[in-house]
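Asks:
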Amino acid sequence: MRTLSAFPAFAALGLLILSQLLAVPAQAQSLLRDAETEEFFRDIGKPLKEAAGLDPRAVNVGLVNDGSINAFATLGQQVYFFSGLLIAAKDVREVQGVLAHELGHVAGGHAIRNNEGAAPATSISLLSMVIAGALIAAGAGDAGMAAMMAGQQAAQGKYLAFSREQESRTDQAGARFLEAAGVDGVGMISFFRQLQGDEYRLAIPQDNAYNRTHPLSGERISALENVLERSPYWKKGADPKLQARYQRIRAKLIGYLSNPEDTLRAYPAADRSQPAHVARAYAYHKQSKADLALAEIEAAMQVEPRDPYLMELRGQILLESGRVNDALPDLRNAVAASDTDPLIASMLGHALVLQGERDDNAALMAEAEKVLRSAIARDKENPFAWLQLGTIYERRGDKPRTALATAERLSLTGGDPLAINNAARSAVAGLDRGSPEWLRAQDIVLVSQEDIQRMKKRGNRDRRG
Ligand SMILES: [Zn+2]
């Protein structure tokens with residue numbers, strides 16, 4: 121997880137490299153998880169999903185670590201943005217426009233998975249290097265995450281190309297959602313036009329895959345514009361708060377994904393904006409210049425000292441620089457200010473476990489357990505939190521709970537059903553009969569049993585085949 125760069129070092133070589141990039145076979149992709157980005161997606165998504173008649177909680181928007189400019193929706197009511205699209209867009213209305221279009225596919229029941237440049241996501245990374253590393257060290261590597269994603273992406277293997285009519289209908293739906301949500305449709309048009317004309321002249325070449333998976337014709341864009349410009353919100357401008365949040369997320373992604381040198385070129389020191397400070401903080405952090413990184417965070421915090429995501433970032437940089445104890449106040453404050461965001465809580469839990477082990481401090485371990493339990497209650501798909509909880513129980517000599525934590529973690533990361541079954545069985549044997557944890561362990565036993573049966577059947581079939 122050290123090779124985080126989605127954009128290898130071929131910046132500024134232009135179109136020659138771009139054409140070579142297009143010939144590269146679909147590569148393994150990872151999901152990027154970040155509390156701030158996910159909150160942004162939930163907030164821009166809510167009014168659009170409601171306009172589409174979709175349950176905002178049922179339709180999730182995820183971020184795939186892939187430099188190409190694309191987005192897609194799946195049968196499982198998931199919408200995925202590629203990091204490349206978030207970086208290529210310059211205005212929050214462009215992101216809202218693409219999201220409205222993708223929600224049109226979801227609402228229309230179009231089972232789509234683009235087959236160009238998009239292999240199924242095979243791992244999850246957090247915008248935290250230390251956490252990703254710990255998770256992979258614990259065996260939740262690519263194979264494990266692949267299985268997890270396979271469950272989420274019910275549409276896997278369904279490669280459908282859309283007809284022009286379907287795309288136009290989806291555009292019209294997207295335009296309706298934008299108007300109902302009071303969003304200016306200018307961004308949808310400008311983004312589509314730029315993609316269509318391949319007008320992107322970026323410092324970092326990006327594969328314009330959106331144009332291939334959602335064919336964009338001039339006719340189609342004009343038809344869409346005709347509808348959008350009748351909206352009372354046409355050219356009314358972007359919501360300034362959302363625009364500012366988007367600019368920071370974009371800067372964060374660039375900082376996280378690009379080579380530090382590229383980031384520092386895109387955000388030179390003279391740029392004193394908050395997004396620039398955040399991007400440079402990542403760049404310096406990647407160069408192991410913790411003091412410079414922290415100075416950038418301080419500068420970003422001048423405007424918003426209690427911003428949960430800036431406190432999270434400072435805590436993360438301190439934690440990843442080995443200053444665990446110093447990271448705790450920031451991470452505690454970030455958890456409180458974010459209403460216990462499960463991703464931030466997991467990071468705090470991790471820091472508490474590290475410091476608790478270092479100082480042999482039972483109070484820190486107890487705090488960690490509480491924080492991690494609340495993270496899991498809010499975000500079930502959190503193998504990292506289970507990994508940390510397992511460490512706590514193991515140290516305490518609590519074998520049944522250690523076994524349950526192992527079973528939970530392995531189930532989430534697509535572990536071997538036999539190993540899951542074994543762990544869940546020893547949890548059942550040691551936990552109080554009828555307690556919620558005992559019931560949960562029983563459930564895992566049953567599910568893993570079915571997986572073992574299925575595995576056996578498949579094995580027999582393969583032998584006969
Ligand atoms: Zn489409």
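So in my numbering, spot 180 of the sequence shown is number 300, and the numbers just go up one at a time.
Positions of the beta carbon are idealized from the N, C-alpha and C atoms, including for glycine.
(1) When the distance is taken between beta carbons, is P462 closer than 8 Å to A488?
(2) Pop quiz: R213 and D304 are said to be a contact at Cβ under 8 Å. What is the actual Cβ separation, rounded to whole angstroms?
(3) Taking the alpha carbon of G165 as the reference point, which residue from L152, D154, S555, L223 has its own alpha carbon closest?
(4) If we ignore side chains and look at the alpha-carbon of each, how far apart do A415 and H397 end up?
(5) For Y402 versus G375, is the C-beta distance shorter than 8 Å?
(6) So, are the CB atoms of T157 and I437 less than 8 Å apart?
(7) By how many angstroms is the C-alpha of R515 removed from the C-alpha of G442?
(8) Classify S531 as helix, strand or coil using the three-state DSSP reduction.
(9) At what residues does the beta strand (DSSP E) containing A191 begin and finish?
(10) On the DSSP letters alone, give me the boundaries of the alpha helix (DSSP H) that L438 sits inside.
(11) I'd like to know whether the C-beta atoms of L538 and I512 end up nearer to each other than 8 Å.
(12) Under 7 Å Cβ to Cβ from N453, same chain only, skipping five residues before and after it: list those, please.
(13) Please list the terminal residues of the continuous alpha helix (DSSP H) segment that includes G217.
(14) Quick one: what does DSSP say N502 is sitting in, helix, strand or coil?
(15) Kindly indicate the opening and closing residues of the beta strand (DSSP E) around V181.
(16) Are the Cβ atoms of A465 and V455 separated by less than 8 Å?
(17) Measuring from the CB of E339, is there a heavy atom of ligand 1 at a distance below 7 Å?
(18) With H, G and I counted as helix, E and B as strand and the rest as coil, what does DSSP make of R443?
(19) For Q508, name the three-state secondary structure that DSSP assigns.
(20) Provide the residue(s) that pair with V199 in DSSP beta bridges, ordered along the chain.
(21) Tell me the residue span of the alpha helix (DSSP H) that contains R545.
(22) With respect to 7 Å, is the separation between the Cβ of E287 and the closest non-hydrogen atom of ligand 1 below this value?
(23) Say yes only if the C-beta of T290 is nearer than 7 Å to one or more non-hydrogen atoms of ligand 1, and no if none qualify.
(24) Quick one: is the Cβ of H397 within less than 7 Å of any heavy atom of ligand 2?
(25) When you compare the segment 468-484 with the segment 496-508, are there three or more beta-carbon pairs, one atom per stretch, that lie closer than 8 Å?
(26) Using only the alpha-carbon positions, how far apart do S555 and S531 sit?
(27) Going by C-alpha to C-alpha distance, which of A390, R296, L384, R385 sits closest to L348?
(28) Pick out whichever of T194, G204, L183, E557 has its Cα sitting closest to the Cα of V226.
(29) Grouping DSSP H, G and I as helix and E and B as strand, with all else coil, what is G305?
(30) Compute the Euclidean distance between the alpha carbons of A254 and E501, then round it to the nearest angstrom.
(31) Helix or strand or just coil, what does DSSP make of G72?
(32) What do you get for D459, buried or exposed, if any count of 16 or more other CB atoms within 10 angstroms of its CB means buried?
(33) Unbroken alpha helix (DSSP H) runs of length 4 or more, entirely within the segment 331-404: which are they?
(34) Verify the contact flag: H405, CB atom, against every heavy atom of ligand 1, threshold strictly below 7 Å.
(35) So, are the CB atoms of Y200 and V215 less than 8 Å apart?
Replies: By the coordinates alone:
(1) no
(2) Cβ-Cβ separation between R213 and D304: approximately 5 Å, consistent with a contact (criterion under 8 Å).
(3) Nearest of L152, D154, S555, L223 to G165, Cα basis: L223.
(4) When rounded, the separation of the alpha-carbon atoms in A415 and H397 is 9 Å.
(5) yes
(6) Their beta carbons are not under 8 Å apart, which means T157 does not touch I437 by this criterion.
(7) 22 Å
(8) helix
(9) 191-193
(10) Looking at the DSSP string, the run of the alpha helix (DSSP H) that includes L438 is 428-440.
(11) Not a contact, by the Cβ cut-off of 8 Å.
(12) M431
(13) 212-227
(14) coil
(15) That run of the beta strand (DSSP E) goes 180-185.
(16) yes
(17) no
(18) When DSSP states are grouped into helix, strand and coil, R443 belongs to the coil group.
(19) helix
(20) Within the DSSP bridge table, the entry for V199 names V181, A193 as partners.
(21) For R545, the enclosing alpha helix (DSSP H) starts and ends at 537-550.
(22) yes
(23) yes
(24) Ligand 2 is absent from the structure shown, which contains only ligand 1.
(25) yes
(26) 20 Å
(27) R296
(28) T194
(29) coil
(30) Bear in mind that the predicted position of A254 carries a pLDDT of just 48, short of 50, making it unreliable; the figure below should be weighed with that in mind. Rounded to whole angstroms, A254 to E501 spans 16 Å at the Cα level.
(31) A question about residue 72 goes unanswered here, because the residues of the chain that appear run from 121 up to 585.
(32) Exposed.
(33) You should have 338-348, 360-377, 380-386.
(34) Using a cutoff of 7 Å, the CB of H405 does not count as near ligand 1, since none of the ligand's heavy atoms is closer than that.
(35) no
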